[in-house]
Each structure stands twice: as C-alpha cells, then as structure tokens.
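*Asks:*
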Amino acid sequence: MKKSGPQIALTAIATGTIALLISLYSPLVYSQEKAKDIPKLQNPFSESYLIENLKQSKPRMIYNARIVEDLKAKIKTDPVIRNMYEAIRLDAYEILDTTVIKRIKTSHSMLGISRELLRRINMLGLVYLVEQDEVILERINKELLAVSSFSDWNPPVYLDVAEICMAVSLALDWTQDNLPESTITKAKQALIEKGIYPSWEEHGGNKRHAWWVDHYNNWNQVCNGGMIAASIAIAEDDPVLAAITIKRALDGIPHELVENYVPDGVCPEGVMYWSYATIYSLLTLSMLETSFDSDFGYREYPGFMKSATFKVMGTNLPSGWYYNYGDCKDKPTVDGDIALAWFAVQTGKSMYFDTEEFLTPPEDISLSYLTGAALAWMSQYEEESDEEPPALWIGKGRSPVAIFRGVGDNSDYYLGAKGGCGAVSHGNMDAGSFIFELNGVRWSIDPGSQSYMIGEQGFDLWRQCQECERWELLTKNNHG
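Residue numbers (the numbering used here): 265 to 744.
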C-alpha cells in the first residue's frame with residue numbers, strides 16, 4: 265500500500281533519528297586536544313623558497329594571464345559568465361558615483377567598511393582586469409589611498425584587518441603595477457604596518473589580537489587568508505616577513521580545517537558559516553596556486569571536498585530556506601553560491617552550480633562581495649555529471665548531521681537533525697535540534713539567530729562559559 269505524505273514523514277523522522285544516534289556514537293577522528301596529531305598542510309616556506317618560487321608576472325593572485333584570457337572568452341560565449349560579468353560591471357560603474365571609503369566603526373567593529381572595500385575592489389578590479397578602463401583604475405587608486413590613510417585597520421577585531429588586507433592586496437595585484445608608484449608604496453607600507461605587524465608581537469602587535477592564528481573557528485581561515493594575501497603583495501619588499509607569515513598561516517590553518525571539515529565535511533557552525541569560511545579557503549588556495557603553482561595539500565585535506573555535499577544538502581530545501589542551526593540564518597541573502605561553484609569546477613557536478621540563480625537578470629541579482637574573485641573559477645566550469653543530491657546523507661564530526669529528502673514522490677519532505685555539543689563555535693545550548701518540512705512548508709523550526717548588533721547595548725553575545733549572557737537568549741538556550 266502506498267504511504268501518504270505524513271506517513272512518509274514519520275518514517276523519515278524515525279529512520280533519521282536512529283541514523284543520527286548511530287552517528288553520535290562514532291568517535292571523532294581528531295580533536296583539538298590532540299592538536300599535534302591533526303593532518304598538516306605542506307609547508308616548505310622559507311625566505312629562499314619564497315624568492316625561488318613566487319611568480320613574478322601579475323596578476324598572480326587568484327587570476328593569472330591565462331585565467332584572464334579564458335574569462336574574456338567565456339564572457340563572449342557562456343551565458344552564465346556573461347550575465348555575472350554584466351552584473352559586476354553594473355556594480356562597478358555604480359561605485360563610481362559613491363564617495364570614497366571612510367573609516368567608520370560600529371561598536372567595536374568596522375566589518376561593514378572592510379567588506380564594502382572588498383566588494384568595491386572585487387567589482388572595480390575585475391572590470392579593470394578585463395577592460396583596462398582608466399576611469400576604473402583611478403577610482404581604485406582613490407580607494408587605496410583612502411584606506412592606506414586610516415589610522416589603523418582595527419586589530420582588536422582582526423577580521424577587519426584581514427578583509428582590508430585581502431582587498432588592498434587584490435587591488436595591487438589586479439592593477440598590475442599600473443597605479444602611481446606613490447600609491448603602490450603607500451599601500452604596501454600600510455599592508456606591512458597596519459596589516460601584518462599587528463599580528464606579530466615582535467613587531468609591536470598585541471598577542472591577544474592574534475588568537476586566531478591556530479584557533480578552530482572561521483576567523484582562522486579568514487585572518488590567515490588575509491595574511492597570506494598581504495604577504496604575497498609585499499613579498500618583494502620584505503621577503504623575510506612574507507615567508508614567516510605564510511609559514512605561520514599554513515601551520516595554523518589546519519586547526520580550523522580539522523574542526524570545519526573532518527571527517528565528512530560537516531561545518532559545526534552551519535551552512536551559512538560554511539560559505540564564509542570556505543570562500544576564504546578558496547581564495548587562499550587559489551592565490552597559492554597562481555603564485556606558487558601549489559595549493560600545499562588544501563584539496564586533499566580530509567573532508568574538504570566532501571563538504572560540498574553538506575552545503576548542497578543544507579540549502580537545497582523545498583521551501584527555499586536553509587537547514588539552519590546555531591547562529592546560522594534561515595534564508596539565503598545572495599543569488600547563487602560562488603563557493604559551491606568551485607566544487608562544481610573540480611567535480612563537474614551540476615548540483616554544485618546554481619545556474620538558475622546565476623542567470624538572474626544583472627539589474628536584479630544579489631551578488632556576493634567576493635564575486636569578482638569567484639569568476640576566476642566559475643569561468644572554468646564544464647558540466648560532466650547531472651547527479652542529484654542523495655536522498656539520505658549522514659555526516660560525522662563535532663556536530664553530526666543526518667539529512668533526509670523526499671525523492672520520487674510529491675510530498676517534498678525534508679528532515680535535518682543534528683547532535684553535538686553547545687561548546688562549538690556559534691553553537692546553541694540545546695546542541696541537538698531538527699527542522700522538518702512537508703509540502704514545501706517548514707513545520708518544525710530552529711529559531712535561528714538574532715542581530716549581532718545586540719552587542720552594541722553591552723550584551724556579551726560571544727563568550728560561552730556556563731554563566732555567560734549568551735545562554736539567556738531564547739535563540740541560544742534550551743528553554744524553548
């Protein structure tokens with residue numbers, strides 16, 4: 265007898281619960297307590313290695329001459345790339361009508377400013393790479409002079425520093441030494457003094473501001489990625505500083521990779537933070553490849569390639585929402601996933617490439633602020649497989665997850681359930697939770713996150729001690 269939608273759903277819940285319980289009893293392969301045992305990245309860096317292996321011609325960060333030429337060809341022949349480039353171009357010329365970036369702090373952070381700068385450089389920089397427009401070059405020049413003149417880049421919140429470092433480094437690289445020499449000198453000096461030095465005690469930095477160097481949350485990938493970018497940008501000026509900073513980064517990054525991907529690619533922070541952390545890993549490995557002809561083992565890191573399935577299973581829901589937990593939002597904010605697209609390039613699998621979203625009309629599409637960089641790999645995509653996401657997927661790790669999708673029926677059911685502990689980054693006290701959808705309607709929810717601006721009122725949102733204020737919030741505790 266054919267089961268009804270609700271019967272199918274109940275079966276899914278029962279089966280999913282059993283599967284999740286089984287996964288909870290599977291021991292972790294690695295733990296932060298045994299940091300010496302975690303898989304490492306290859307790390308040959310020294311001053312001599314850097315000098316001998318660093319590419320001299322620019323661009324050399326994410327793009328190189330071949331990738332730029334391939335992109336130009338794809339803009340003419342590939343509907344997706346043409347559409348995305350036109351959207352970027354629209355953004356770039358709209359930026360020309362805005363005021364130059366200013367140093368504005370909101371509470372303790374200026375992340376809004378650093379990301380706006382990174383967005384501007386992505387849009388302006390890519391258009392300059394393709395068209396060599398002098399008007400665009402002049403605006404990039406003004407942005408670099410402005411940010412280089414900031415009093416500091418806010419080292420107490422090193423995400424700010426890292427994202428500014430990424431923006432300034434890409435701007436210097438993608439303009440291929442066509443900026444005024446005075447601007448190049450000032451920007452490189454700022455990268456050293458306001459970007460890299462504050463992360464080194466030996467150069468006057470505060471050790472408390474560089475806690476992320478070998479930490480196990482997304483700050484690690486973002487901040488170390490920014491330091492690698494800055495190091496490549498200033499390598500000819502200070503090869504010793506560049507080499508030791510890249511070496512430190514490649515030693516530190518695995519502490520987050522093991523947390524975020526081992527063993528099956530489940531991100532403890534949820535699918536939204538998977539995108540944030542992973543896009544920085546992709547920027548990092550891409551610039552390492554174009555600068556040194558190696559990703560130093562990034563691709564082969566346990567669970568890294570598997571993580572694409574975690575992301576697609578957590579976002580490909582009948583309702584169009586995310587499977588959210590922890591501080592993850594429940595709805596997407598951009599059209600198409602540029603990080604997931606990298607995995608599509610590596611595997612040829614269309615389920616990782618959001619063609620429909622990427623074809624949203626240029627005037628309507630919501631772009632990620634890193635889309636300019638992402639077009640480097642998106643332009644290399646060739647479909648080889650139309651494989652569908654699995655009906656059942658279980659991933660082990662610090663926050664084990666079991667996901668069931670309705671396949672081959674009209675019920676559109678979806679069950680996502682997780683275990684784990686509340687001590688993970690961005691975690692909730694309830695630790696285990698689930699969401700359920702039937703007929704495209706979400707019947708069981710995770711209340712999700714609240715605005716991070718609550719910190720402006722003096723609320724301590726981020727500390728996770730037993731008595732910390734974080735657990736007073738209904739969205740974070742286990743009372744509701």
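Quick reminder that beta carbons are idealized off the backbone N, C-alpha and C, glycines included.
#1: Start and end of the alpha helix (DSSP H) containing Y313?
#2: From G680 to A351, what does the alpha carbon distance come to, in whole angstroms?
#3: What is the rounded straight-line gap between the Cα of Y678 and the Cα of R669?
#4: Runs of 4 residues minimum, wholly inside the stretch 507-594: which ones carry the alpha helix (DSSP H) assignment?
#5: Suppose the cutoff is 7 Å on Cβ atoms and the five residues either side in sequence are ignored; what does the same chain contact list for P626 look like?
#6: Can you tell me whether DSSP reads R324 as helix, strand or coil?
#7: Whole angstroms are fine: how far does the CA of H519 sit from the CA of I667?
#8: So, for V391: in the same chain, excluding its five sequence neighbours on each side, which residues have a beta-carbon less than 6 Å away from its beta-carbon?
#9: Give the DSSP bridge partners of A494, in chain order.
#10: Residue range of the beta strand (DSSP E) that F700 falls in?
#11: Going straight from the alpha carbon of S312 to that of I460, what length do you get?
#12: DSSP three-state label for T612, please.
#13: Which class does K304 belong to by DSSP, given the choice of helix, strand or coil?
#14: Tell me, which residues are paired with Y461 by DSSP?
#15: If you reduce the DSSP assignment to three classes, tell me which class Q296 lands in.
#16: Does the beta-carbon of R563 have 16 or more other beta-carbons within 10 angstroms, so that it is buried, or is it exposed?
#17: Leaving out five residues before and five after V535 in sequence, what residues of the same chain have Cβ atoms less than 7 Å from its Cβ?
#18: Determine whether the beta carbon atoms of L408 and S433 lie at a separation below 8 Å.
#19: By DSSP, does G680 sit in helix, in strand, or in coil?
#20: State the DSSP-derived secondary structure class of A666, mapped to helix, strand or coil.
#21: Could you tell me whether the Cβ atoms of W606 and L521 are closer together than 8 Å?
#22: Checking the sheet assignment: what are the DSSP bridge partners for L656?
#23: D601 and I629: beta carbons closer than 8 Å?
#24: Does the separation of the CB atoms of K660 and P503 fall below 8 Å?
#25: Report all residues from its chain with a CB closer than 7 Å to the CB of V609; omit the five preceding and five following residues, and keep chain order.
#26: Do you know offhand how far Y537's Cα is from V486's?
#27: Taking the CB atoms as reference points, tell me whether Y422 and W483 lie closer together than 8 Å.
#28: Quick test of your reading: M491 and A426, contact by CB under 8 Å. State the CB separation rounded to the nearest angstrom.
#29: Under 8 Å, with one C-beta from each stretch per pair, do the stretch 495-502 and the stretch 440-455 reach the 3-pair mark?
#30: Just to confirm before moving on: does the CB-CB distance between G636 and M387 stay below 8 Å?
#31: Can you grab the Cα-Cα spacing for the pair K319 / L552, in whole Å?
#32: Within the continuous alpha helix (DSSP H) that includes W475, where are the two ends?
#33: According to DSSP, is V705 helix, strand or coil?
*Replies:* According to the structure data:
#1: Looking up residue 313 in the sequence shown gives position 49. First-last of the alpha helix (DSSP H) with Y313: E311 to N317.
#2: As a working note, residue 680 is residue 416 in the sequence shown. As a working note, residue 351 is residue 87 in the sequence shown. Cα-Cα distance, rounded: 34 Å.
#3: Within the sequence shown, numbered from 1, the residue matching residue 678 stands at position 414. Within the sequence shown, numbered from 1, the residue matching residue 669 stands at position 405. Spanning the two alpha carbons is a distance of roughly 5 Å.
#4: 518-524, 535-556 and 571-579
#5: On the sequence shown, position 362 is the one that residue 626 refers to. Taken in chain order, the residues that qualify are N347, E350, A351 and L354.
#6: Working through the sequence shown from its first residue, we reach residue 324 at position 60. R324: coil per DSSP, three-state reduction.
#7: The count along the sequence shown starts at 1 and reaches residue 667 at position 403. The count along the sequence shown starts at 1 and reaches residue 519 at position 255. If you take the alpha carbons of I667 and H519, they lie about 27 Å apart.
#8: One-based indexing of the sequence shown puts residue 391 at position 127. Cβ neighbours of V391 beyond the five flanking positions: R353, A356 and I400.
#9: The residue you call residue 494 lines up with position 230 of the sequence shown. A494 is not bridged to any residue.
#10: Numbered from 1 along the sequence shown, position 436 holds the residue referred to as residue 700. S697 to L702 is the span of the beta strand (DSSP E), which, as asked, contains F700.
#11: Locating residue 312 in the sequence shown gives position 48, where the first residue counts as 1. Locating residue 460 in the sequence shown gives position 196, where the first residue counts as 1. Each residue's alpha carbon lies about 20 Å from the other.
#12: On the sequence shown, position 348 is the one that residue 612 refers to. The sequence given here places Gly at residue 612; Thr does not occur at that position. Reduced to three states, the DSSP call for G612 is coil.
#13: Taking the sequence shown and counting its residues from 1, one reaches residue 304 at position 40. Of the three classes helix, strand and coil, the one that applies to K304 here is coil, per DSSP.
#14: The count along the sequence shown starts at 1 and reaches residue 461 at position 197. In DSSP, Y461 forms no bridge with anything.
#15: On the sequence shown, residue 296 is found 32 positions in, with the first residue counted as 1. Confidence at Q296 is low in this model, with a pLDDT of 47, below 50, so its placement is unreliable and the value that follows should be read with caution. Note: Q296 maps to helix in three-state DSSP.
#16: Here residue 563 refers to the residue found at position 299 when the sequence shown is read from its first residue. R563 should be labelled exposed.
#17: In the sequence shown, residue 535 corresponds to position 271, counting from 1. So the list reads K575, G578, T579, Y586, Y587 and C592, once near-sequence residues are dropped.
#18: For the purposes of this step, residue 408 is taken as residue 144 along the sequence shown, with counting starting at 1. For the purposes of this step, residue 433 is taken as residue 169 along the sequence shown, with counting starting at 1. No, they are not a contact pair.
#19: Translated into the one-based positions of the sequence shown, residue 680 becomes position 416. The answer is strand: DSSP assigns G680 an E or B state.
#20: As a working mapping, residue 666 is identified with position 402 in the sequence shown. Of the three classes helix, strand and coil, the one that applies to A666 here is strand, per DSSP.
#21: Start at 1 with the first residue of the sequence shown, and residue 606 comes out as number 342. Start at 1 with the first residue of the sequence shown, and residue 521 comes out as number 257. No.
#22: Looking up residue 656 in the sequence shown gives position 392. BP columns for L656 point to F668.
#23: Counting from one through the sequence shown, the residue named residue 601 turns up at place 337. Counting from one through the sequence shown, the residue named residue 629 turns up at place 365. No, Cβ-Cβ distance for D601 and I629 is not below 8 Å.
#24: Here residue 660 refers to the residue found at position 396 when the sequence shown is read from its first residue. Here residue 503 refers to the residue found at position 239 when the sequence shown is read from its first residue. No, these two residues do not count as a Cβ contact at 8 Å.
#25: If you number the sequence shown from 1, residue 609 lands on position 345. Answer for V609: W641, Q644 and Y645, listed in chain order.
#26: Start at 1 with the first residue of the sequence shown, and residue 537 comes out as number 273. Start at 1 with the first residue of the sequence shown, and residue 486 comes out as number 222. Their backbone Cα atoms lie some 11 Å apart in a straight line.
#27: Position 158 of the sequence shown, counting from 1, holds the residue named residue 422. Position 219 of the sequence shown, counting from 1, holds the residue named residue 483. Contact flag set, yes.
#28: Walking along the sequence shown from the start, residue 491 turns up at place 227. Walking along the sequence shown from the start, residue 426 turns up at place 162. Correct: roughly 7 Å between the Cβ atoms.
#29: yes
#30: Counted from its first residue, the sequence shown places residue 636 at position 372. Counted from its first residue, the sequence shown places residue 387 at position 123. Cβ distance < 8 Å, so G636 and M387 count as in contact.
#31: As a first step, residue 319 is located in the sequence shown; it is residue number 55 there, counting from the start. As a first step, residue 552 is located in the sequence shown; it is residue number 288 there, counting from the start. Their Cα atoms are separated by approximately 10 Å.
#32: Stepping through the sequence shown from its first residue, residue 475 is reached at position 211. No alpha helix (DSSP H) contains W475, which DSSP labels as neither H nor E.
#33: Working through the sequence shown from its first residue, we reach residue 705 at position 441. Three-state DSSP puts V705 in a strand.
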